[in-house]
Amino acid sequence: METLQGQFLVAPPGLIEPNFHRAIVLVLQHDENGALGLVINRPTNSEIDNIWEVMTGTSLANEGVLYIGGPVEGPIMLLHTRAEYSEQQVMPGLYVSSRKTNLAKLVSEKALPYKVFSGYAGWAEGQLDAELQQGGWLVAPASPEDIFSMDTTDPWKSLCQRLGHTVLQAATGQHQIPPDPEIN
1 METLQGQFLV
11 APPGLIEPNF
21 HRAIVLVLQH
31 DENGALGLVI
41 NRPTNSEIDN
51 IWEVMTGTSL
61 ANEGVLYIGG
71 PVEGPIMLLH
81 TRAEYSEQQV
91 MPGLYVSSRK
101 TNLAKLVSEK
111 ALPYKVFSGY
121 AGWAEGQLDA
131 ELQQGGWLVA
141 PASPEDIFSM
151 DTTDPWKSLC
161 QRLGHTVLQA
171 ATGQHQIPPD
181 PEIN
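All the letters of the sequence shown, read from the start, carry residue numbers 1 to 184 under our numbering.
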């Protein structure tokens, strides 16, 4: 089994399930036991400084919003670029943390790029692999730059445009789409 850790799962155009409609999921872990990821394009109206104050009783100067990472409840998680404050490397240059001491260090660094998530997406053993075989997800490469500089207007549309033919094939069921439509 080839791991999808560090890659995007992109909801195909026809996926209407509310938790994953037009979702972009960054896969944090994928192995024989299942998979775990964060929906990276579901910002809330909640500012992270409000969340931090509830969690710790202290105020926070940093700006940013909380993202809904998926339908499964879990700890607050941060995606960030600092290896020394991480519990896991997702890919070179991108890490995830959920321990309160690491979160405190990360959110105190004003210039550090990070995103804060509540909840996650989880798949049982073999579940994600089955969904992929059924065409339930498109797979796209990811990078730390993609995470922190993603188009905020419509990141799903931007990523689908980047995927091009793969999305057209999923939407139409056609597998022989010419690179130039005028060839027809």
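Where is the CB? At the ideal position from N, CA and C, for every residue including glycine.
Taking C-beta separations shorter than 8 Å and ignoring five residues to either side along the sequence, the partners of Pro-155 in its chain run Ile-24, Ile-40, Asn-41, following chain order. For Trp-137, the three-state secondary structure derived from DSSP is coil. Within the same chain, and ignoring the five residues on either side of Leu-9 in sequence, the residues whose Cβ sits closer than 7 Å to its Cβ are Val-25, Val-27, Gly-37, Trp-137, Val-139. DSSP lists no bridge partner for Ala-11. About 17 Å separates the CB atoms of Leu-103 and Ile-147; that is not less than 8 Å, and the two are not in contact. Contact check for Leu-66 against Ser-98 fails: the beta carbons are separated by 8 Å or more. Under the 10 Å beta carbon count, Gly-14 is surrounded by fewer than 16 other beta carbons and is classified as exposed. Taking a C-beta distance under 8 Å as the contact criterion, Pro-113 and His-80 qualify as a contact pair.
Here Gln-7 is buried. Its C-beta has 16 or more other C-beta atoms within 10 Å.
In the DSSP assignment, Ser-118 falls outside any alpha helix (DSSP H) and lies within the beta strand (DSSP E) extending over 114-118. Between Leu-106 and Tyr-85 a beta carbon distance of about 5 Å is seen, short of the 8 Å cut, so the two are scored as contacting.
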